[in-house]
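Engineer: Numbering (the numbering used here), first residue to last: 5 to 75. Even for Gly, the Cβ is constructed at its ideal location relative to N, Cα and C.
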Amino acid sequence: MGWVEDCNANGIPDDCECAGDANQDGNANIADILVIVGYWGNNTPIADLNCDGIVNVVDLLIVIDNWGPCE
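Rendered as structure tokens:
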């Protein structure tokens with residue numbers, strides 16, 4: 005078995021996730037923006053989409069850049 009990265013600790017390998025889908029509903033949308041805003045300034049893994057240790061504007065931009073249904 006190999007090793008895969010899961011920096012947000014949600015049990016889904018990072019290379020399989022839909023970028024911007026913080027709440028894992030299959031879409032990058034307003035619900036994900038609310039997750040990001042709700043954890044703003046914290047290091048909560050589910051909202052730290054780029055895994056840099058802080059929820060901030062970069063994570064918000066990831067949602068916006070990937071807006072819409074996951075493919």
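Around the Cβ of valine 67, are there at least 16 other Cβ atoms within 10 angstroms (buried) or fewer (exposed)?
Structural biologist: Classification for valine 67: buried.
Engineer: Just to confirm my understanding: we take aspartate 39, look at its own chain, exclude 5 residues before and 5 after, and list those with CB closer than 6 angstroms. What are they?
Structural biologist: The sequence given here places valine at residue 39; aspartate does not occur at that position. Correct list, in chain order: Ala26, Asn27 and Ala51.
Engineer: For proline 73, which beta-bridge partners are listed by DSSP?
Structural biologist: According to DSSP, which records beta bridges pairwise, proline 73 is partnered with Asn31.
Engineer: Using a Cβ-Cβ cutoff of less than 8 angstroms, which residues in the same chain neighbour isoleucine 58 once the five nearest sequence positions on both sides are dropped?
Structural biologist: Gly45, Asn46, Asn47 and Asp52, listed in sequence order.
Engineer: If we ignore side chains and look at the alpha-carbon of each, how far apart do isoleucine 37 and alanine 23 end up?
Structural biologist: Their backbone Cα atoms lie some 13 angstroms apart in a straight line.
Engineer: Using only CA atoms, which one of Cys74, Gly42 and Gly30 lies nearest to valine 61?
Structural biologist: When each option's Cα is compared against that of valine 61, the closest is Gly42.
Engineer: Who are the Cβ neighbours of asparagine 54 in its own chain at under 7 angstroms, not counting the five residues just before and after it?
Structural biologist: Result list for asparagine 54: Val62, Asp63 and Ile66, in chain order.
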